[in-house]
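Trainee: Have a look at this one.
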């Protein structure tokens with residue numbers, strides 16, 4: 001029998017449906033793998049072994065009635081997706097032991113489709129950091145090199161999916177928190193269009209910029225997860241009016257698509273391995289039948305500044321009560337970021353919010369008939385934990401990590417990260433496919449075609 | 465520079481939000497935030513008079529119908 005931990009989510013769904021593997025066998029195999037890897041990675045904050053095995057047994061014995069597309073699939077998510085009656089520390093000291101009163105809409109929809117909880121995944125404190133450092137619960141470690149960062153804030157999601165400890169996981173992305181762990185750990189991940197997936201009963205960081213999305217092994221897996229969690233939710237008004245998932249669009253051929261290649265910003269000061277990966281990927285897209293055109297995007301440094309203002313003020317507003325009374329209970333980097341949010345005026349915040357529409361309009365005008373843009377997720381592969389452990393004064397250095405991801409949140413666009421290269425040291429390199437509003441399906445289609453033509457997504461890190 | 469925040473200015477804003485920042489912290493915040501404030505105040509960023517935050521959703525959905 002194939003090791004079930006090596007199956008992608010889509011392969012696992014098929015194997016469970018065909019009963020070539022049982023849910024109990026899958027769960028046991030994942031638990032065994034977690035036992036080996038967890039001391040090296042610190043990817044999980046909780047493993048609910050007994051409860052998961054009970055759920056798996058129940059799925060196996062369900063008298064022929066499959067609950068849905070994910071029947072019998074164990075999943076774990078970033079520890080900020082609430083499950084009623086379960087703790088959700090959100091990577092923090094402040095929320096240690098806090099019990100969630102309700103289940104997040106995204107998790108509820110995945111469970112309604114038949115998945116069940118295997119545990120909860122590590123994250124940066126309150127999702128406010130792009131590296132995976134966590135002073136309270138220990139840092140998460142990159143499965144390809146334990147001295148390097150996973151990226152954050154969905155650090156456990158990136159590490160656990162890359163190390164095959166879980167077939168897929170939810171992360172959250174406010175400035176790059178899904179895409180950076182995908183890039184640094186070598187997995188596939190989708191930050192959906194703003195308004196496509198409900199954020200109800202997930203921990204907030206920025207009401208304007210937060211998005212909920214999957215990290216998995218393949219674009220097909222990300223499409224499967226998104227097809228289940230997308231859609232209107234009365235608990236999250238931003239989802240009203242979003243179009244339903246279009247399965248045909250997620251399977252279309254890349255032939256005839258027009259891909260934009262940025263002339264500046266996203267191609268400036270790239271490390272050589274990243275530039276090579278971009279060039280090779282573009283050649284692959286050309287061979288797949290896509291048309292490549294240069295695209296001169298508006299100045300992304302302005303977009304980035306607006307994103308920083310919105311994020312800083314909204315995060316500080318959310319945390320203001322604790323900042324007044326429990327400031328010493330934050331880690332130094334998160335406290336510093338929250339203090340930064342105090343320095344913007346109300347006028348600056350509202351101007352940054354008001355400019356979002358015109359900025360998106362200018363971006364779309366620059367695209368013309370371009371269907372999507374291809375760009376690196378970051379300038380380099382994963383730096384070391386030591387290099388990025390910069391304390392309160394190192395905010396600018398850390399901000400550069402999110403240079404290529406933050407503008408996309410402000411513009412509300414979908415972006416899929418696919419593994420597309422390796423450094424000579426074996427570190428993964430990911431590229432972003434950046435779509436138009438509600439063009440998530442097209443990204444999945446192109447990602448699927450790219451992963452038929454390449455094998456970067458199939459590489460497995462060596463055992464610790 | 466008009467866009468350079470001062471430690472005193474930051475401390476006043478923080479106090480208005482009910483958070484006390486000591487002088488060193490306020491100075492750090494001023495250094496951290498000034499580049500972003502300066503960039504956003506640059507003349508190439510123009511917010512038209514009639515625009516409100518929800519205009520973003522209008523633009524987003526208009527493109528989805530394309």
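Protein chains in written order, with this note's numbering: chain A, 1 to 464; chain B, 465 to 530. A virtual CB, placed ideally from N, CA and C, is assigned to each residue, including glycine. The model shown is predicted, which means the values in this text are computed figures rather than measured ones.
#1: Tell me whether residue 459(A) is buried or exposed, calling it buried when 16 or more other Cβ atoms sit within 10 Å of its Cβ.
#2: Whose C-alpha, out of 300(A), 114(A) and 217(A), is nearest the C-alpha of residue 400(A)?
#3: Measure from the alpha carbon of residue 257(A) to the alpha carbon of each residue in 125(A), 435(A) and 145(A), then state which is nearest.
#4: Is it the case that the Cβ atoms of residue 9(A) and residue 168(A) are separated by a distance below 7 Å?
#5: For residue 239(A), which residues of its own chain have a beta-carbon under 6 Å away from its beta-carbon, when the five flanking residues on both sides are left out?
#6: For residue 465(B), count neighbouring Cβ atoms within 10 angstroms of its own Cβ and tell me buried if that reaches 16, exposed if not.
#7: Could you name the residues of the same chain whose beta carbon sits closer than 7 Å to that of residue 311(A), not counting the 5 residues immediately before and after it, in chain order?
#8: Who are the neighbours of residue 515(B) on chain A, taking C-beta pairs under 7 Å?
#9: Considering only residues of the stretch 137 to 185 of chain A, which uninterrupted alpha helix (DSSP H) runs meet the minimum length of 4 residues and lie entirely inside it, listed in chain order?
#10: Suppose contacts are defined by Cβ-Cβ distances below 7 Å. Is residue 86(A) in contact with residue 96(A) by that definition?
#11: In terms of residue numbering, what span does the alpha helix (DSSP H) encompassing residue 526(B) cover?
#12: Considering only residues of the same chain and omitting the five flanking positions on each side of residue 465(A), which have a CB-CB separation below 7 Å?
#13: Quick one: does residue 500(B) have its CB under 7 Å from some CB of chain A?
#14: Measure how close the beta-carbons of residue 117(A) and residue 75(A) come, nearest whole angstrom, since I'm counting them as under 8 Å.
#15: Hey, residue 447(A) and residue 418(A): beta-carbon distance below 7 Å or not?
#16: Using the rule of at least 16 other Cβ atoms within 10 Å of the residue's Cβ for burial, across every protein chain shown, is residue 293(A) buried or exposed?
#17: How big is the Cα-Cα spacing for residue 306(A) and residue 142(A)?
#18: Buried or exposed for residue 235(A), please, with buried defined as at least 16 other CB atoms from any protein chain shown within 10 angstroms of its CB.
#19: Where do the N-terminal and C-terminal ends of the alpha helix (DSSP H) with residue 356(A) fall, by residue?
#20: Shorter than 6 Å, the distance from the beta carbon of residue 126(A) to the closest heavy atom of the ligand FMN, or not?
#21: How would you write the range of the alpha helix (DSSP H) that residue 390(A) sits in, first residue to last?
#22: For a contact meaning CB atoms closer than 9 Å, what does residue 440(A) contact in chain B?
#23: Hey, out of 430(A), 373(A) and 367(A), whose CA is closest to residue 217(A)'s CA?
#24: What residues of chain A sit near residue 508(B), judged by a beta carbon separation below 7 Å?
#25: Residue 309(A) lies in the alpha helix (DSSP H); which residues open and close that run?
#26: Quick one: measure Cβ to Cβ for residue 371(A) and residue 444(A), integer angstroms, because I've assumed they're closer than 8 Å.
#27: Could you pull out every unbroken alpha helix (DSSP H) segment of at least 4 residues lying fully inside the stretch 58 to 141 of chain A, listed in chain order?
#28: Of all the options 35(A), 139(A) and 456(A), which has the alpha carbon lying nearest to the alpha carbon of residue 423(A)?
#29: Quick one: Cα of residue 57(A) to Cα of residue 23(A), how far?
#30: Can you name, in chain order, every residue of its own chain whose Cβ lies under 6 Å from the Cβ of residue 46(A), other than the five neighbours on each side?
#31: Have a look at 179(A), 356(A) and 36(A) and flag the residue whose alpha-carbon is nearest the alpha-carbon of residue 411(A).
#32: Would you tell me roughly how many angstroms separate the C-alpha atoms of residue 317(A) and residue 179(A), rounded to the nearest one?
#33: Look at the Cβ atom of residue 288(A), then the Cβ atom of residue 319(A), and state whether they are nearer than 7 Å.
#34: Kindly indicate if chain B contains any beta-carbon less than 7 Å away from that of residue 324(A).
#35: I want to see whether chain B comes within less than 7 Å of residue 436(A), judged by CB atoms only; does it?
#36: I believe residue 404(A) touches residue 432(A) by the beta-carbon criterion, under 8 Å. Please report the beta-carbon distance rounded to the nearest angstrom.
Mentor: Taking the structure as given:
#1: exposed
#2: 300(A)
#3: Comparing Cα positions, the closest option is 435(A).
#4: yes
#5: 195, 198, 232 and 233
#6: The predicted position of residue 465(B) is uncertain, since its pLDDT is 46 and thus under 50; a value taken from the coordinates is nonetheless stated next. Flag for residue 465(B) reads exposed.
#7: 174, 175, 206 and 209
#8: 354, 357 and 358
#9: 155 to 162 and 179 to 185
#10: Not closer than 7 Å, so no.
#11: 519 to 528
#12: With chain A covering 1 to 464 only, the question about residue 465(A) has no answer from this structure.
#13: yes
#14: 7 Å
#15: yes
#16: exposed
#17: If I take the Cα positions, the gap works out to 31 Å.
#18: exposed
#19: 356 to 367
#20: You won't find the ligand FMN in this model; it holds no ligand whatsoever.
#21: No alpha helix (DSSP H) holds residue 390(A); DSSP gives it neither H nor E.
#22: Ordered by position in chain B, no residue passes the 9 Å Cβ test against residue 440(A), which lies about 11 Å from the chain.
#23: 430(A)
#24: 299 and 302
#25: 300 to 325
#26: Your pair residue 371(A) and residue 444(A) does not check out as a contact, with CB atoms roughly 13 Å apart and the cut at 8 Å.
#27: 105 to 112
#28: 456(A)
#29: 7 Å
#30: 119 and 120
#31: 356(A)
#32: Cα atoms of residue 317(A) and residue 179(A): separation of roughly 25 Å, rounded to the nearest angstrom.
#33: Residue 288(A) places its beta carbon 7 Å or farther from that of residue 319(A).
#34: yes
#35: yes
#36: 7 Å
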